[in-house]
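Be aware that the sequence shown starts at 14, since it is given in our numbering, and climbs by one per residue.
In what follows, a single structure is set out as C-alpha cells and then discussed.
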Amino acid sequence: RRSHESKREEKEGGNTEIKARIPQRKKDIRRKRREVFGEDEWSKAEKSCNGKRKRDWKTSHKEQKEAKNREKQIQRKKEKQLKKHSSSPSISNSSDNEFIAEEEMAHIMEQVEEKKKVIATIRNKPWPMMKKLEVLREAQAFVEKFEGALGKGKGKKFYAYKMMMNKKWIKFKRDFDNFKTQCIPWEMKIKEIESHFGSSVASYFIFLRWMYGVNLVLFGLIFGLVIIPEILMGMPYGSIPRKTVPRAEEEKAMDFSVLWDFEGYIKYSALFYGYYNNQRTIGWLKYRLPMAYFMVGVSVFGYSLMVVIRSMASNAQENTGEGNGDNFTFSFKMFTSWDYLIGNTETADNKYASITTSFKESIVDEQESNKEENIHLTRFLRVLANFLIICCLCGSGYLIYFVVKRSQEFSKMQNVSWYERNEVEIVMSLLGMFCPPLFETIAALENYHPRIGLKWQLGRIFALFLGNLYTFLLALMDDVHLKLSNEEAIKNITHWTLFNYYNASMWNESVTRPPLHPADVPRGSCWETTVGIEFVRLTVSDILVTFITILLGDFLRACFVRFMNYCWCWDLEAGFPSYSEFDISGNVLGLIFNQGMIWMGSFYAPGLVGINVLRLLTSMYFQCWAVMSSNVPHERVFKASKSNNFYMGLLLLVLFLSLLPVAYTIMSLPPSFDCGPFSGKNRMYDVIQETIENDFPAFVSKIFGYIANPGLIIPAILLMALAIYYLNSVSKGLARANTQLRKKIQALREAEKINKSNKASAAMKSLQDTNNFKNTNQLQATEEGKLCWNSPLTPLQF
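Encoded structure:
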C-alpha cells in the first residue's frame with residue numbers, strides 16, 4: 014500500500030510540476046476567451062473538442078489492435094506450417110518398425126496429389142516468374158519429402174515404387190522429346206534464318222527439308238527393291254548384250270566428255286532402265302524383278318500422292334485449330350514474345366531479331382489493310398502485266414520446241430559440238446534463270462500485297478516451268494515414235510545377223526563354233542533409256558545452273574558491294590547493285606519443277622532419285638550459307654501463310670501432271686524388244702496378268718478380269734465423284750458454321766471488353782468519390798483540431 018501511495022504522490026507531484034511549466038501566455042489567452050464568450054459557451058466548445066479527440070483516439074486504437082491481431086494470425090499460420098514441415102522429417106526418418114496412421118496417410122496423399130497438380134499447371138498461372146519458381150520449389154520439396162514417408166507402412170512400398178517409376182517415366186518422356194527435337198535435321202539453321210529473314214524465307218527451307226524426307230523414302234524403295242536385287246541376284250555385267258557396251262563405243266566409253274553426257278559405261282549401268290533383265294524370276298530367292306519394277310514405279314506415285322494429301326490435311330487442321338489471332342497482334346507480340354528460358358547470348362540475339370522481324374511483318378499487314386488505291390488504274394496495270402507475261406510464256410514454249418527439233422537433227426550428224434549436243438538443257442536452264450526476275454519486274458506494276466504477289470509470281474513461274482516441260486515432252490515423244498517405227502527393221506537385222514553367223518559356222522562340223530560376244534550383237538534404240546538420259550541431263554544441268562547462279566549472282570555480288578563500297582562513286586549498298594534478296598518464288602518453283610522431273614524420270618532411270626537426294630542435301634547447306642552470308646531481308650518483310658498448302662497444292666498438281674506421261678507410256682507404247690524388264694511384251698502392264706496367271710490360282714485371274722471390266726470401273730468412278738461432291742459440300746457447310754461461330758465469339762469478346770471497361774470506369778469513379786470524401790473529412794478534422802488547440806478562431810467559426 015505504501016509503495017502505491019508513494020507512486021501516486023510522485024505522479025501528482027510530477028503533474029503539478031508540468032502544470033507549473035505551462036507558459037503564462039497560454040493561460041492569459043484562455044482567460045481572455047472566457048471573459049469574451051462567457052463560461053457557458055466556452056465550456057460547451059471545450060467539451061466538443063475533447064469528444065472529438067477521444068473519438069479519434071478510439072478509432073486509432075482500434076486500428077492498432079486490428080493490425081496486431083492480423084500479425085498474430087499470420088504468425089500462428091507460419092508456426093503451424095513450420096510444425097507440419099518439422100513433423101515430416103520426423104515421419105520420414107522414424108524407424109522402420111513405426112507405421113503411419115491411415116488418416117494421416119490419406120491426408121498426406123491428398124496433399125501430394127494437390128502439389129503434383131500445382132507442378133503440372135504452374136506454367137499456366139498468371140504469376141510473376143519469381144513467385145512461380147518459389148511455389149514450384151516448395152511443391153517439389155513437399156512431394157519429395159512425403160512420398161518417401163508413404164512407403165513406410167504395410168502395403169505402402171508398392172505405392173512408393175509406383176511413384177518412383179512414374180517419375181522415371183516422366184523424365185524418360187521429357188528426354189525422348191528433347192532427343193526427337195534434336196534429331197530434326199537442320200532445325201537450328203532454319204530457326205536462325207527465320208529470325209533474320211522472316212517466316213516467308215524459312216518456309217522455303219522447311220519445304221526443302223520435307224522434300225528431302227520424301228525423296229529419301231523413295232530412294233529406299235527403289236534402291237532396296239529394284240537396284241540391289243538386280244546387282245546381287247541378276248546376271249553380271251558383260252554377260253548379255255543389254256549389260257555390255259557395244260564394240261563401236263568401247264574405245265571412247267571412258268572419256269570424260271562421253272561420261273558427262275551419260276553415255277558409255279554409265280548408259281549400260283543400273284542407273285537406267287535398259288540394264289535390267291526380263292527374266293520372270295532371278296536368284297535363289299526366285300525374286301520377280303519385272304513385277305517388282307512395275308510395282309515400285311506405281312508405288313512412287315502412290316506414296317507421293319498419299320504424303321502430299323496427308324500434309325495438306327494436317328496443315329489445314331492446324332490452320333483451323335489455331336483460330337484467328339489477329340485481334341491483339343501487337344499486344345501479344347509485345348508482352349508474350351520473349352522466351353525467358355534463353356540462356357545463350359547468340360540465341361538471345363536471334364530471338365531479338367525474330368521479334369523485330371515479326372513486328373515488321375505485322376506492320377506491313379496493317380499498312381496494306383488500311384491502304385487506299387485508285388481501282389481503275391490498278392486494274393489497267395494488272396491487265397497489262399498479265400498480257401506481257403502471257404507473251405513471255407508463249408515465246409519460251411516456242412523456243413523450246415524449236416530447240417528440241419534442232420537437237421533431233423543434230424543427233425543424226427557425226428561431228429557435233431558440245432553446245433549443239435547440250436543445247437536443249439542450256440536453253441531450258443537459261444529460261445528458268447532469267448524469266449522469273451523478268452516476271453518479278455513486270456509484277457511491280459500490279460501493286461499487290463507481298464503475300465498475294467508471291468502467289469501470283471509462283472503461279473506464273475509454275476506455268477513457265479510446266480509449259481517448258483510439256484513442250485519438251487511433246488518434242489521428245491515425237492522422237493520416241495520415230496524410234497519405235499524403226500524397231501522392226503532393227504529386229505530383222507538382228508535375226509539375219511545371227512542366221513548368217515550360224516550358217517557360216519556350219520560348213521565344217523568338226524570345228525566348234527566360237528561364241529558370239531554380246532558386244533557384237535546389234536542393238537535396238539531402247540527409247541526408255543534415251544528418255545531417262547534426257548531427264549538425268551536436265552536434272553544435272555539444273556543443279557549446276559542453280560549453284561553457279563548463287564555463286565555469281567549472290568556471293569560475288571555481295572563481295573563486290575562489301576569491299577568496293579568504300580572507293581566507289583556512289584553508295585553501292587543503298588543504290589545499284591546493292592545486296593541481293595532471296596528469291597522465294599524462283600527457288601520454290603525450281604524445287605517443284607525439279608521434283609516433277611524426278612517423278613517422271615524415275616521410271617526410266619531408277620538411279621535418278623539418288624541423284625536428287627544428293628542434290629537436296631547439298632542445296633540445304635549451300636543455300637543456307639548463301640542466305641546468311643550474301644542476302645539481305647526483303648524491304649517489305651511479310652508474314653508467310655500459316656500453312657504451306659499453296660506450295661503443296663502446286664506440288665500436287667505437278668504430281669498429277671507428271672503421272673500422265675508415265676501412264677501414257679505404260680498403257681499405250683510398246684516396250685523395247687531388247688532392253689528393260691518388260692522386253693518381249695506387248696505392253697508394260699502385261700506383267701501383272703502374267704504374274705497372276707503363273708503365281709496365283711485360276712479364280713484370282715477371273716476376279717481380276719471382272720475388276721478390270723469397264724462396266725465396273727465407270728460406276729466406281731461416278732460413285733467416287735459423287736462422294737467427293739458430297740464431302741466437299743459438307744466441308745463448305747462446316748466452314749460456314751465455323752466462321753459464324755468465330756464471329757459470335759468475337760462479338761462476345763467485344764461485349765465482354767466493353768463491360769469490363771465500363772466496370773473499370775465505374776470503379777474508378779467510385780474510388781475517386783470515396784477519396785474525395787475522405788480528403789474532405791480529413792481537411793475538416795485537421796481544421797477542427799487546429800481550432801481546438803492552436804488557432805485563435807472563435808467557436809462560431811469552428
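Every residue gets a Cβ at the ideal spot worked out from N, C-alpha and C, and that includes glycine.
Cut-off 7 Å between Cβ atoms - residues of its own chain near residue i, not counting five sequence neighbours on either side
i      : result
Tyr300 : Pro242, Met246, Thr294
Asp12  : One cannot answer for residue 12 here, as it falls past the ends of the chain, which runs 14 to 811.
Ser804 : With a pLDDT of 47 at Ser804, under the threshold of 50, the predicted position of this residue should be treated as unreliable, though the coordinate-derived value follows. Nothing meets the Cβ criterion.
Buried versus exposed, by CB contacts within 10 Å (16 or more), residue i
i      : result
Tyr174 : exposed
Thr752 : exposed
Ala639 : buried
Arg260 : exposed
Tyr289 : buried
Lys165 : The predicted model places Lys165 with a pLDDT of 46, which falls under 50 and marks its position as unreliable, so this point remains unresolved.
Met224 : buried
Ser327 : exposed
Arg255 : buried
Phe616 : buried
Tyr217 : buried
Ala152 : buried
His530 : exposed
Asn790 : exposed
Proximity of residue i and residue j at Cβ, strictly below 8 Å
i      : j      : result
Glu433 : Phe423 : yes
Tyr250 : Met267 : no
Ile563 : Gln608 : no
Val813 : Leu489 : There is no way to answer for residue 813, as the model of the chain reaches only from 14 to 811.
Pro674 : Leu394 : no
Phe210 : Pro590 : no
Val227 : Met661 : no
Gly689 : Gly287 : yes
Thr370 : Ser632 : no
Thr391 : Asn460 : yes
Cys404 : Leu451 : no
Met697 : Phe314 : no
Pro684 : Glu501 : no
Leu602 : Leu467 : no
Leu668 : Leu318 : yes
Val440 : Ile413 : yes
Opening and closing residue of the alpha helix (DSSP H) in which residue i lies
i      : result
Asn291 : Here Asn291 belongs to no alpha helix (DSSP H), and DSSP marks it neither H nor E.
His530 : Per DSSP, His530 belongs to no alpha helix (DSSP H) and is neither H nor E.
Cys448 : 436-456
Ile241 : 241-246
Asn600 : 597-614
Ser643 : 621-643
Asp699 : 699-708
Gly662 : 658-680
Lys715 : 711-720
Ile223 : Note that residue 223 is Trp in the sequence shown here, rather than Ile. Taken as a continuous stretch (DSSP letters only), the alpha helix (DSSP H) holding Trp223 covers 212-235.
Residues near residue i by beta carbon distance below 6 Å, same chain, minus five either side
i      : result
Lys265 : Val271
Phe232 : Val622, Gly623, Val626
Ser367 : Ser208
Lys145 : Ile135
Ser324 : Met661
Residue from the options with nearest C-alpha to residue i
i      : options                        : result
Leu682 : Trp583, Pro690, Cys688, Asn695 : Asn695
Ser620 : Met641, Asp188, Met446, Phe285 : Checking the sequence, you will find Gly at residue 620 rather than Ser. It is Phe285.
Val553 : Asp708, Ser442, Tyr365, Ser692 : Ser442
Lys128 : Trp140, Asn499, Glu157         : Glu157
Ile219 : Asp699, Ile597, Pro254         : Ile597
Ile546 : Leu754, Leu497, Leu747, Tyr281 : Tyr281
Val417 : Asp492, Trp431, Leu458, Phe348 : Asp492
Asn600 : Ala215, Thr194, His120         : Ala215
Leu477 : Glu500, Thr454, Phe447         : Phe447
Ser430 : Phe343, Trp581, Asp274, Ile556 : Asp274
Ser538 : Phe686, Trp469, Phe548, Arg473 : Phe686
Arg473 : Val534, Phe606, Leu585         : Phe606
Arg550 : Glu703, Ala456, Glu276, Val574 : Glu276
Ile455 : Cys407, Phe400, Lys496         : Phe400
Pro139 : Pro531, Phe348, Lys766, Arg762 : Phe348
Short CB-CB distance (under 8 Å) between residue i and chain B
i      : result
Ser344 : The structure shown has no chain B; it contains just one protein chain.
Neighbourhood of residue i by C-beta, 8 Å cutoff - its chain only, sequence neighbours within 5 removed
i      : result
Glu436 : Val416, Arg419, Ser420, Phe423
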